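Worksheet for the structure shown next.
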Amino acid sequence: MSDRDADVEGFLALLAARRAPKTVEAYRRDLAALGTYLGKPLAQATLEELETYTAQLRADGLSGATIARRTAAARSFYRHQQLLVAREDNPAAGVHLPRRAKPLPKTLSPGEAERLIEAAGGTQPRSLRDQALVELLYGAGLRVSEAIGLEKAGLDLEGRLVRVIGKGGKERVVPIGRQAAESLRRYLARGRPFLDARHRPELFLNARGGPLTRAGAFLILRRLAEKAGLDPHRIHPHLLRHSFATHLLEGGADLRSVQEMLGHADLSTTELYTHVTDKRRRELYFRAHPHARRRKPEENLATRSTRRTPAGPRLGRGVADDEGGTGEERT
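Residue numbers for the sequence shown follow the numbering used here, beginning at 2 and rising by one.
Structure representation (structure tokens):
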């Protein structure tokens, strides 16, 4: 891209009024790379040329994220051109990009989840609150916003059910385990009354009697992670939700039931957790089955070269078993 490309410079000047300098510089680099490839002003580019450009980027080995970022910069530029009525179309909007693979959800092992719950043990009001919170996040798979938004009236401890208001104000009823119900009973009887200085309806309260916040929930989990010997930067509320779903599926729960408990509108969102369980099954197989254990090349060579015969170990296939016992190599 030439410095004389007034269209691009005008776009960047407008961008600088509402974006950080580093962001503007990133746009400049991405548009400059496109201009260099085209060898002409960007305003004259066609959809076919942009498609060829992205194909070249893939051939050059650039990551999907980089290609998507460069395409986004071009789309913004051509959208600006449309607003100026400099051109009618946005050629970059028609560029086909491969779908980026969603990263697999990270999870705790069942043992790590138990350590986190045990770290919250205690009889002080805040300890009882923390244990009840962790039990709900892991034992019911609640989003942090759902957990801190729970009210006392939403609990049915006899039936071991929790009424949750999820995304979009949608209500669902989630079952909870015996341990979670017991933790909630202890918190309601011996913990929450000492925190409820303001007579709040929310279930989880902070030390000042106000509703527990998202930031407060994050801090609680980080503190418990340190106490449990886990990496505090790795532990967050959604990790417990991921673990809830993964451990249910590993235990044989059907996908549709897990979808309903998580409150996913689309089953494909829940299906992502099946890939985690598939990955774990593969790892378990390769770790546990004697014929599946992956060997290093030198181990395979050693196995082939020291096979045992009735007369003891012998060399591999390169030596013939001739009747004369000469051990001559076959050629």
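All residues carry an ideal CB built from backbone N, CA and C; glycine is no exception. Model, not experiment: these values are computed from the prediction.
Query, Result
"DSSP three-state call for R164: helix, strand or coil?", "strand"
"Going by the CB atoms, is the gap between L117 and L185 shorter than 8 Å?", "no"
"L137 and L240: beta carbons closer than 8 Å?", "no"
"Do you know offhand how far A14's Cα is from L85's?", "14 Å"
"Could you give the DSSP three-state label for R173: helix, strand or coil?", "strand"
"Below 8 Å, how does it come out for the stretch 131 to 150 and the stretch 209 to 228: are there three or more Cβ pairs, yes or no?", "yes"
"What did DSSP end up calling E203 once you bin it into helix, strand or coil?", "strand"
"Between the alpha carbons of P22 and E52, how many angstroms are there, rounded?", "29 Å"
"For L256, report the span of its alpha helix (DSSP H) as first-last.", "L256 to L263"
"Taking 8 Å as the threshold, find out whether the stretch 157 to 173 comes into contact with the stretch 240 to 259 through three or more Cβ pairs.", "no"
"Report the residue ranges of all alpha helix (DSSP H) runs contained in full by the stretch 201 to 244; include only those spanning at least 4 residues, in chain order.", "215 to 229"
"Going along the chain, which residues of its own chain have a beta-carbon closer than 6 Å to the beta-carbon of H350, five neighbours each way excluded?", "Lying outside 2 to 332, the shown extent of the chain, residue 350 is not represented and no answer is given."
"DSSP three-state label for D333, please.", "Given a span of 2 to 332 for the chain in the structure shown, any question on residue 333 remains unanswerable."
"In angstroms, rounded to a whole number, what distance separates the CA positions of D8 and T270?", "42 Å"
"Return the CA-CA distance between G140 and A69, expressed in angstroms with no decimal places.", "38 Å"
"Considering only DSSP beta bridges, list what E152 is partnered with.", "E203"
"Just tell me which of D6, Q45, A46 and E50 has its CA closest to the CA of R29.", "D6"
"Are G155 and R164 touching if we call contact CB-CB under 8 Å?", "yes"
"Could you tell me if R71 is buried or exposed, where buried requires 16 or more neighbouring beta carbons within 10 angstroms of its beta carbon?", "buried"
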